[in-house]
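Visitor: Chains as they are written, first to last, in this note's numbering: chain G, 5 to 316; chain U, 5 to 316. Glycine included, every Cβ here is placed at the ideal spot set by N, Cα and C.
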DNA sequence: ATAGCTGTTGCCGAAACGGCATCAACATGT
DNA sequence: ACATGTTGATGCCGTTTCGGCAACAGCTAT
């Protein structure tokens with residue numbers, strides 16, 4: 005089913021690999037063929053698409069415009085293919101997800117497992133990244149669905165949903181704070197704290213609040229893995245911070261306690277956004293999973309905010 | 005700039021013309037070439053795209069899916085082209101509009117004229133149709149922007165804006181009703197009435213209301229042209245119905261008077277929707293005009309509803 | 001039956017495509 | 001400074017694809 009001009013596909017491969025020869029290897033054709041198609045494109049458009057450096061190719065402004073068009077075409081072709089396939093009863097394809105780490109502990113695995121019991125021929129690719137990398141991967145067409153902290157998103161992405169979760173401290177059961185119902189940041193800083201490195205978005209949530217407190221915090225541990233931070237907290241090393249999403253199951257049968265964080269009397273929220281490329285119609289099986297994802301996150305939002313009602 | 009496989013374009017032409025030979029004439033190629041490309045497409049997809057009748061070709065279900073994809077590709081190609089052109093300073097292209105008749109008297113001509121003073125190289129194609137035909141033309145990719153009565157629209161269209169205008173009676177200045185500020189339907193039906201035929205959406209707005217009144221109306225005139233109805237009213241033939249949009253300028257310097265209609269104490273609204281194909285990103289010049297159109301219609305909505313404040 | 005329309009097919013020349021080997025330009029490593 | 005390994009671009013040539021012409025079968029309306 006290759007009814008699009010080879011130039012389109014070659015261009016796409018060159019853009020991804022950043023090199024004609026690398027693209028040729030991926031495409032299983034000679035590099036000369038790729039080079040010629042690119043030159044032909046540039047001639048027909050009347051403007052160079054790449055800037056040639058000695059170490060590969062970089063998109064020009066016009067090149068980026070074409071890249072956007074090509075991405076739209078290829079993604080819509082994918083959708084068309086899956087539409088045809090689903091017509092003959094076969095629902096299969098791959099859902100590609102880029103998300104931040106908080107989802108990996110329970111939300112995503114639960115959801116994928118559950119979805120696959122019903123649609124066994126739908127496979128999944130998930131890549132864990134930082135929030136801004138998630139959005140970037142989505143923009144570049146490397147993922148279908150993105151879940152990230154709800155920052156300002158580029159205009160070529162569409163925010164499908166926005167769910168707000170309460171940020172909290174995570175401590176071991178034996179920790180002095182563990183008996184409280186909620187904690188303030190100041191209370192936490194009296195103990196050793198496991199800080200997030202700037203690559204994690206929790207850092208950007210907490211840093212401004214910590215800066216407001218003039219106290220000099222205890223010497224702390226820094227990490228860039230939510231998983232690691234959680235395990236450190238479980239071993240009583242210190243206080244970690246994250247949303248309850250990341251410790252859904254563990255908080256019950258392990259040593260972990262989740263304590264909603266209060267700052268100046270009000271909760272600290274962590275906004276989670278679900279994103280999709282704006283100029284795109286998703287394949288049916290992807291759309292279906294997206295709906296479930298939104299529903300499930302909405303459900304968790306409701307449950308968790310009910311478990312820790314806001315103190316007025 | 006023809007870097008898409010000929011099969012795409014040929015398929016598109018065949019779909020529009022409904023015949024291979026007709027498509028070949030439009031494309032300036034031999035009919036055999038077109039036939040072969042279609043057959044090749046069908047072979048690669050593994051399913052027939054058209055049903056061959058003795059009098060042309062009709063899309064199959066798979067064919068309709070491909071048509072949707074091809075339309076997305078070609079429309080996005082158009083946008084890409086205009087993006088590249090606008091990069092080199094040249095803003096040109098054609099905005100294709102499908103709309104109902106109420107707009108032709110003042111809104112659309114004013115707007116187009118004003119827009120062309122600023123963007124002289126943007127040309128316009130406007131086609132006046134019934135509301136459902138407007139939506140259909142939009143779905144088929146034959147227009148960029150559609151303006152129609154806000155019925156339920158198909159899911160492949162996106163409602164950009166919804167403006168609500170007050171329906172009213174239009175009479176000559178000498179008409180007995182002309183001195184009133186507002187009128188009820190019953191009052192109008194005491195006089196000869198110029199009815200809209202079912203092809204006009206006004207018919208569907210008024211018919212249920214008229215049916216509620218058990219009175220037998222005066223023998224009336226029926227017409228399917230808003231223009232004609234207005235001119236008849238100006239000549240004192242009877243009472244016509246429409247929104248004030250259609251008599252914007254004429255009501256001042258001519259014989260016409262617009263009387264907002266009241267029914268059971270509340271106004272009768274006519275909802276106007278602005279539509280665009282959902283799976284599509286508009287070219288910059290089209291998007292620009294669309295913004296102006298929405299703004300202008302919003303402005304008129306505000307002005308007119310201020311001129312005839314609703315009686316509580 | 002005739003004339004006019006439809007889409008399809010064989011044949012053949014022309015254009016496009018891809019592969020191989022080669023080239024110049026640059027970066028890196030010794 | 002020189003060798004080596006990159007990069008993208010080109011000339012040559014066989015293969016594939018495309019398009020035009022003419023003829024064909026199937027159907028409709030006159």
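Is DSSP giving residue 51 of chain G helix, strand or coil here?
Guide: It is coil, neither helix nor strand.
Visitor: For residue 24 of chain U, which residues in the same chain have their Cβ closer than 8 Å to its Cβ, ignoring the five residues on either side in sequence?
Guide: Counting only Cβ-Cβ distances below 8 Å, and skipping sequence neighbours, we find 18, 35, 38, 39, 42 and 61.
Visitor: How should residue 147 of chain U be labelled, buried or exposed, when 16 other C-beta atoms within 10 angstroms of its C-beta is the threshold for buried?
Guide: Residue 147 of chain U should be labelled buried.
Visitor: Quick one: any contact between the segment 288–308 of chain U and the segment 108–128 of chain U, if contact means 3 or more CB pairs under 8 Å?
Guide: Touching, yes.
Visitor: Can you tell me whether DSSP reads residue 280 of chain G as helix, strand or coil?
Guide: Three-state DSSP puts residue 280 of chain G in a strand.
Visitor: Can you say whether residue 124 of chain U is buried or exposed, counting buried as having 16 or more other CB atoms within 10 angstroms of its CB?
Guide: Its Cβ having fewer than 16 others within 10 Å, residue 124 of chain U is exposed.
Visitor: List the residues of chain G whose Cβ lies closer than 7 Å to the Cβ of residue 241 of chain U, in chain order.
Guide: The contacting residues do not exist; residue 241 of chain U stays about 50 Å from chain G at best.
Visitor: Against chain U, does residue 54 of chain G count as a neighbour if the rule is that its beta carbon must be under 9 Å from one of theirs?
Guide: With 9 Å as the cut-off, residue 54 of chain G does not count as an interface residue toward chain U.
Visitor: Can you give the Cα-Cα distance for residue 281 of chain G and residue 79 of chain G, rounded to whole angstroms?
Guide: Spanning the two alpha carbons is a distance of roughly 10 Å.
Visitor: Classify residue 211 of chain G as helix, strand or coil using the three-state DSSP reduction.
Guide: In this structure, residue 211 of chain G counts as helix in the three-state DSSP scheme.
Visitor: Under a three-way DSSP split, which group does residue 229 of chain U fall into?
Guide: Three-state result, residue 229 of chain U: coil.
Visitor: Do the segment 188–207 of chain G and the segment 235–246 of chain G meet, that is, are 3 or more Cβ pairs less than 8 Å apart?
Guide: Yes, the segment 188–207 of chain G is in contact with the segment 235–246 of chain G.
Visitor: Does DSSP classify residue 309 of chain U as helix, strand or coil?
Guide: Correct three-state label for residue 309 of chain U: helix.
Visitor: Just verifying my parser: in three-state terms, what is the DSSP assignment at residue 128 of chain G?
Guide: Three-state DSSP puts residue 128 of chain G in a strand.
Visitor: What are the boundary residues of the alpha helix (DSSP H) that includes residue 143 of chain U?
Guide: Per DSSP, residue 143 of chain U belongs to the alpha helix (DSSP H) from 135–143.
Visitor: Over the uninterrupted alpha helix (DSSP H) stretch that includes residue 266 of chain U, give me the two end residues.
Guide: First-last for residue 266 of chain U: 260–267, but that is the beta strand (DSSP E), not the alpha helix (DSSP H).
Visitor: Smallest Cα separation from residue 164 of chain U: which of U/56, U/49 and U/284?
Guide: Of the candidates U/56, U/49 and U/284, the one whose C-alpha sits nearest the C-alpha of residue 164 of chain U is U/284.
Visitor: Buried or exposed, going by whether 16 or more other CB atoms sit within 10 Å of the CB of residue 167 of chain U?
Guide: Per the 10 Å Cβ criterion, buried.
Visitor: Note the first and the last residue of the continuous beta strand (DSSP E) segment covering residue 285 of chain U.
Guide: No beta strand (DSSP E) contains residue 285 of chain U, which DSSP labels as neither H nor E.
Visitor: Which value, in whole angstroms, describes the spacing of the CA atoms of residue 97 of chain G and residue 129 of chain G?
Guide: Rounded to whole angstroms, residue 97 of chain G to residue 129 of chain G spans 11 Å at the Cα level.
Visitor: Under 6 Å Cβ to Cβ from residue 315 of chain U, same chain only, skipping five residues before and after it: list those, please.
Guide: Here residue 315 of chain U scores only 48 on pLDDT, less than 50, and its place in the model should not be relied on; the value that follows carries that caveat. Within the same chain, residue 315 of chain U has no close Cβ partners at all.
Visitor: Is the CB of residue 303 of chain U under 9 Å away from at least one CB in chain G?
Guide: Cβ-Cβ to chain G under 9 Å: no for residue 303 of chain U.
Visitor: Three Cβ pairs or more, each shorter than 8 Å: is that satisfied between the segment 259–270 of chain U and the segment 174–189 of chain U?
Guide: Cβ pair count under 8 Å is three or more, so yes.
Visitor: Listing by chain order, which chain U residues have their CB less than 7 Å from the CB of residue 161 of chain G?
Guide: Neighbours of residue 161 of chain G on chain U: none; closest Cβ ~13 Å, over 7 Å.
Visitor: Name the chain U residues that come within less than 8 Å of residue 308 of chain G, Cβ to Cβ?
Guide: By Cβ distance, chain U contributes nothing, its closest Cβ being about 34 Å from residue 308 of chain G, past 8 Å.
Visitor: Please report the straight-line C-alpha distance between residue 131 of chain U and residue 63 of chain G, rounded to a whole angstrom.
Guide: In a straight line, the C-alpha of residue 131 of chain U is about 40 Å away from that of residue 63 of chain G.
Visitor: Check each residue of the segment 19–38 of chain U: if its Cβ is closer than 9 Å to any Cβ of chain G, include it; give the result in chain order.
Guide: Residues passing the 9 Å Cβ filter: none.
Visitor: Taking Cβ positions only, does residue 73 of chain U come closer than 9 Å to chain G?
Guide: It does: the Cβ of residue 73 of chain U has a partner Cβ on chain G nearer than 9 Å.
Visitor: Do residue 171 of chain U and residue 226 of chain U have their C-beta atoms closer together than 9 Å?
Guide: No, the Cβ-Cβ distance between residue 171 of chain U and residue 226 of chain U is not below 9 Å.
Visitor: Which residues, in chain order, does the segment 279–302 of chain G contribute to contact with chain U at a C-beta distance below 7 Å?
Guide: Under the 7 Å Cβ criterion, the segment 279–302 of chain G contributes 283 and 285.
Visitor: Within 9 Å of any Cβ in chain G, is that where the Cβ of residue 137 of chain U sits?
Guide: Closer than 9 Å: no.
Visitor: In whole angstroms, give me the CA-to-CA distance for residue 44 of chain G and residue 297 of chain G.
Guide: For residue 44 of chain G and residue 297 of chain G, the distance between alpha carbons rounds to 43 Å.
Visitor: CA-CA distance, residue 81 of chain U and residue 69 of chain G?
Guide: Cα to Cα, residue 81 of chain U sits roughly 10 Å from residue 69 of chain G.
Visitor: Assuming residue 100 of chain G is part of the beta strand (DSSP E), what are its boundary residues?
Guide: First-last of the beta strand (DSSP E) with residue 100 of chain G: 97–103.
Visitor: Measuring only between beta-carbons, confirm whether residue 11 of chain U sits less than 9 Å from chain G.
Guide: Yes, its Cβ sits closer than 9 Å to a Cβ of chain G.
Visitor: Where does residue 158 of chain U land, buried or exposed, given buried means 16+ other C-beta within 10 angstroms?
Guide: The residue in question, residue 158 of chain U, is exposed, as its Cβ has fewer than 16 Cβ neighbours within 10 Å.
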